[in-house]
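Residue numbers (UniProt numbering): 1 to 180.
Beta carbons are placed, not taken as given, at the ideal position from N, Cα and C, and that holds for glycine.
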């Protein structure tokens, strides 16, 4: 895990970068993910991003902040529901981490996984195009497209058969366990 992704998710008193304390477990939990953290920092460092944040802050200070005294009573009725929703969201993110542990990985590793299909397709097509022994042109591209499609289907069948054989082996082990 990256250094900025460590920390206790239940601690709401941890200061953020601007000195404020987080008011939401979900937001602090999301901010602990390296991909989200790096995205937010990139947005803040970009001129348009910082300008948008300044505009949002000024709008909040000029339009919403003066209404806080009037919204205190409705908020007091909604706060238990909002706290419960925040708690459910935080537990949902924790459950997401158990099913998709990649969200806790470093940003570069997540990018590699995200672009893996694109890398596979472009690399496979380029490989098949280079293997074709025709002169450059429409015929070479057509043959490359057909061989590319056959290669993709072949790879997909290999993955599917590997999955089926793994399931068959697991089933065979369980049957053997039951027999004993």
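Locate the alpha helix (DSSP H) running through residue i, then write down its first and last residues.
| i | result |
| --- | --- |
| residue 120 | 107-131 |
| residue 48 | 47-59 |
| residue 178 | 138-179 |
| residue 77 | 68-99 |
| residue 28 | 25-31 |
When the Cα atoms are used, what is the spatial distance from residue i to residue j?
| i | j | result |
| --- | --- | --- |
| residue 168 | residue 81 | 48 Å |
| residue 22 | residue 32 | Legend: pLDDT at residue 22 = 47, less than 50; position of this residue unreliable, no value from coordinates given. |
| residue 66 | residue 97 | 39 Å |
| residue 35 | residue 139 | 44 Å |
| residue 115 | residue 46 | 24 Å |
| residue 101 | residue 118 | 22 Å |
| residue 56 | residue 70 | 21 Å |
| residue 153 | residue 166 | 20 Å |
| residue 120 | residue 130 | 15 Å |
| residue 75 | residue 88 | 19 Å |
With C-beta atoms as the reference, is residue i less than 8 Å away from residue j?
| i | j | result |
| --- | --- | --- |
| residue 107 | residue 38 | yes |
| residue 160 | residue 125 | no |
| residue 26 | residue 93 | yes |
Determine the burial state of residue i: buried for a count of at least 16 other Cβ atoms within 10 Å of its Cβ, exposed for fewer.
| i | result |
| --- | --- |
| residue 50 | exposed |
| residue 202 | Not covered by the structure: residue 202. The range shown for the chain is 1 to 180. |
| residue 177 | exposed |
| residue 29 | buried |
| residue 128 | buried |
| residue 144 | buried |
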